[in-house]
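Worksheet for the structure shown next.
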Amino acid sequence: MNKSTEKDTKNAESTQQQAEQYGATAKYIPYSPYKLRPIADIVRGKDVLYALRWLTTYRTRRVQSIKKVLESAVANAKNRNNVDSSALMIKEICVDQGPIQKYFKPGAQGRAQIQRRRLCHISVTLQTKS
-3 MNKSTEKDTK NAESTQQQAE QYGATAKYIP YSPYKLRPIA DIVRGKDVLY ALRWLTTYRT
57 RRVQSIKKVL ESAVANAKNR NNVDSSALMI KEICVDQGPI QKYFKPGAQG RAQIQRRRLC
117 HISVTLQTKS
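Residues in the sequence shown are numbered consecutively from -3, following the numbering used here.
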């Protein structure tokens, strides 16, 4: 009986931890993950309001995709449990490699050059501040 109650308390704690986490993903973003990862590294572990402020002031087009996913995760948190955005922080942000689209462009002397268009997947996980 003692072991079963320990398992029940562990399961209850894990469901509470899952209830405090909110996420969003965006797939097939047409930017190279090598160019988006440095931006994600700056924002990782920061407060959501600070991250959104920083992303709006950083004037690069590729920042908009990270900002859009972050705003979606904040909207998910507000929708599910009515959590204020000032009470959230970025727990995890991942920029993963997506599929590579290969196409050919004409090269010199009748040759064909392979061009690679890299795509990426962005996933953001938020958690409430403790």
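By construction, the Cβ of each residue, glycine as well, lies at the ideal position given by its N, Cα and C atoms.
Whether residue i touches residue j by CB criterion (9 Å)
i      : j      : result
Leu127 : Val59  : As shown, the chain starts at -3 and ends at 126. That puts residue 127 outside it, with no answer to give.
Arg49  : Val91  : no
Arg76  : Tyr18  : yes
Ser68  : Val44  : no
Tyr99  : Arg114 : no
Pro22  : Lys64  : Pro is not the amino acid found at residue 22; the sequence shown has Ala there. Yes. Within cutoff.
Tyr24  : Gly94  : yes
Minimum C-alpha distance to residue i - residue among the options
i     : options                       : result
Tyr36 : Asn72, Leu84, Cys116, Thr124  : Here residue 36 turns out to be Ala, not Tyr, going by the sequence shown. Nearest of Asn72, Leu84, Cys116, Thr124 to Ala36, Cα basis: Cys116.
Ser28 : Ile96, Lys101, Gly103, Arg107 : Ile96
Leu84 : Ile25, Lys31, Arg40, Tyr30    : Arg40
Opening and closing residue of the alpha helix (DSSP H) in which residue i lies
i      : result
Gln130 : Examination of residue 130 is not possible in this model, given that the chain is present from -3 through 126 alone.
Whole-angstrom distance between residue j and residue i, CA atom to CA atom
i      : j      : result
Leu66  : Val120 : 6 Å
Ser126 : Glu88  : 16 Å
Ile118 : Lys42  : 17 Å
Lys101 : Ile38  : 36 Å
Pro26  : Ala47  : 22 Å
Ile86  : Gln111 : 35 Å
Tyr30  : Thr124 : 29 Å
Val79  : Ala73  : 6 Å
Thr52  : Ala108 : 40 Å
Ala20  : Arg57  : 20 Å
Helix, strand or coil at residue i according to DSSP, with G and I counted as helix
i      : result
Ser28  : coil
Gly106 : helix
Tyr132 : As displayed, the chain neither begins before -3 nor continues past 126, which places residue 132 out of reach and without an answer.
Asp80  : coil
Arg40  : coil
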